[in-house]
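Note sheet for the following structure.
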Amino acid sequence: MLVEALVLVGMAVVLVTDVVRGVAPDVFSALALAVFFVGFAAMLAGSVRALWRGQRWGRGPVITWQVLQAASALTLTGVQTALVVLAVLVAAAAVAGVLWPSARDYASGTRAPGAVV
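Residue 63 in the numbering used here is what sits at position 76 of the sequence shown, and the numbering runs on without skipping anything.
Structure (structure tokens):
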């Protein structure tokens, strides 16, 4: 999740750089998308921190982002199939990891013997 958050910040930096260089086709859209990316990156980072601390509220934003990421990847027709498959597999693995029983035990504060440490 943290890598995905860093990628979102990197994409925001590229968009702002394009605006500054004057090569962005639509300045308002580029800046709005950059703010959106930074907001989602902050949300992902906060969710990872919550999960790391054993707080279950972090699961919802992580799963939501993964579903959005997979759905977005599936709509990309001009991109190589391997990249689309990779994005969907990463999203599925992240959701499975967050919903894995031992991860759920850890994040719900029960600290059962099988909980991930």
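All residues carry an ideal CB built from backbone N, CA and C; glycine is no exception.
Next on the checklist: Considering only the alpha carbon of each residue, which of LEU20, GLY9, VAL85, ASP92 lies closest to GLY(-3)?
Outcome noted: LEU20
Next on the checklist: Looking at the secondary structure, which residues open and close the alpha helix (DSSP H) in which TRP39 lies?
Outcome noted: Counting along the chain, the alpha helix (DSSP H) containing TRP39 begins and ends at 14 to 39.
Next on the checklist: Suppose you measure from the CA of ALA60 to the CA of PHE24; what does that come to, to the nearest Å?
Outcome noted: 16 Å
Next on the checklist: Tell me the DSSP secondary structure of MET(-2) in three-state form.
Outcome noted: The answer is helix: DSSP assigns MET(-2) an H, G or I state.
Item to check | Same chain, Cβ closer than 6 Å to ARG43, neighbours up to 5 away in sequence not counted | outcome: By the criterion of a C-beta distance shorter than 6 Å, ARG43 is surrounded in its chain by ALA94, SER95, once the five residues flanking it on both sides are discounted.
Item to check | ARG46 - containing alpha helix (DSSP H), residue span | outcome: Per DSSP, ARG46 belongs to the alpha helix (DSSP H) from 46 to 62.
Checklist entry - What is the C-beta distance between ALA37 and GLY45, in whole angstroms, given that I count them as a contact (C-beta under 8 Å)? => result 3 Å
Item to check | Cβ neighbours of TRP52 in the same chain (closer than 7 Å, five flanking residues each side left out) | outcome: Hits under 7 Å: PHE27, LEU31.
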